[in-house]
Every structure is written in structure tokens, then in C-alpha cells.
Amino acid sequence: MPALTAREVYQPLRDAAQGIRTFKRIDEYCTSNLVRVDIDGWRLLLDVDAGHLRHCLHGQCPDGREYAFDNGQRFGTDPVSLLSTWELAQIERLLA
Numbered sequence: 001m002p003a004l005t006a007r008e009v010y011q012p013l014r015d016a017a018q019g020i021r022t023f024k025r026i027d028e029y030c031t032s033n034l035v036r037v038d039i040d041g042w043r044l045l046l047d048v049d050a051g052h053l054r055h056c057l058h059g060q061c062p063d064g065r066e067y068a069f070d071n072g073q074r075f076g077t078d079p080v081s082l083l084s085t086w087e088l089a090q091i092e093r094l095l096a
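Following full-length UniProt numbering, the numbering of the sequence shown begins with 1 at its first residue and continues without gaps.
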């Protein structure tokens, strides 16, 4: 099964920012910078620092394919880097 691309993982984040998909925190009381969310069956592990979304570390779509962050990758290979400024602000608001 091929791995998910950053663009594929970006799409549910974008849709959640626009209110098209349902965004739900899975671990409401997480004390670390790692936050698990569900976006209509997409499971994402997000790196959040002081309320700012830094990276999507891992993603799994409903069909089981996965995405894994590699900080050695070039720009544009992290789904978060593909979000517009407005989309990023909306996701950060949903995480608050």
C-alpha cells in the first residue's frame, strides 16, 4: 500500500479549517506538545507548541494508508506547510 503524500494529508486539514469536515481532538487533556485529532476518520498526530501548529508528525486515512513526517524533507512535504495563513489560524483556533 503506498504511503500518503503531504498533499493528501493537507486536504482534510484544509477541509476542517473551512468547516467542511468535522475536527475532533482525541486526547483533550494532553500535556505534551503532541495532539491527536480525528477529521472524519483521518487520524493525525500534530506537534503544537504554545498554541501554534508546527508539524503533522503522523497521519492515517480511513483506508489504512499512512504518512510519517521526516524533518529532513524539503519544504512542502509537511502538510502544515501547505496550509494558507488563514487555514493555519483556523486549525489553531480549533486546537485551542
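From the three backbone atoms N, C-alpha and C, an ideal C-beta is built for every residue, glycine too.
As the structure is a computational prediction, the values presented were derived from the model and not from experiment.
Hey, how far is the Cα of residue i from the Cα of residue j?
i, j, result
"D49", "N33", "6 Å"
"R14", "E92", "12 Å"
"M1", "H52", "32 Å"
"Q18", "Q90", "8 Å"
"D27", "A96", "13 Å"
"L46", "P62", "17 Å"
Can you list, in chain order, the residues of its chain with a C-beta nearer than 7 Å to that of residue i? Leave out the 5 residues immediately preceding and following it.
i, result
"D40", "P12, R21 and T22"
"D78", "A6, H55, C56 and F69"
"L94", "A16 and F23"
List the whole-angstrom C-beta distance separating residue i from residue j, where the pair is believed to meet the contact cut-off of C-beta under 8 Å.
i, j, result
"L82", "A6", "6 Å"
Short of 6 Å in beta carbon distance, which residues of its chain neighbour residue i, apart from the five on each side in sequence? Order them along the chain.
i, result
"Y10", "P79 and L82"
"Q60", "R43 and E66"
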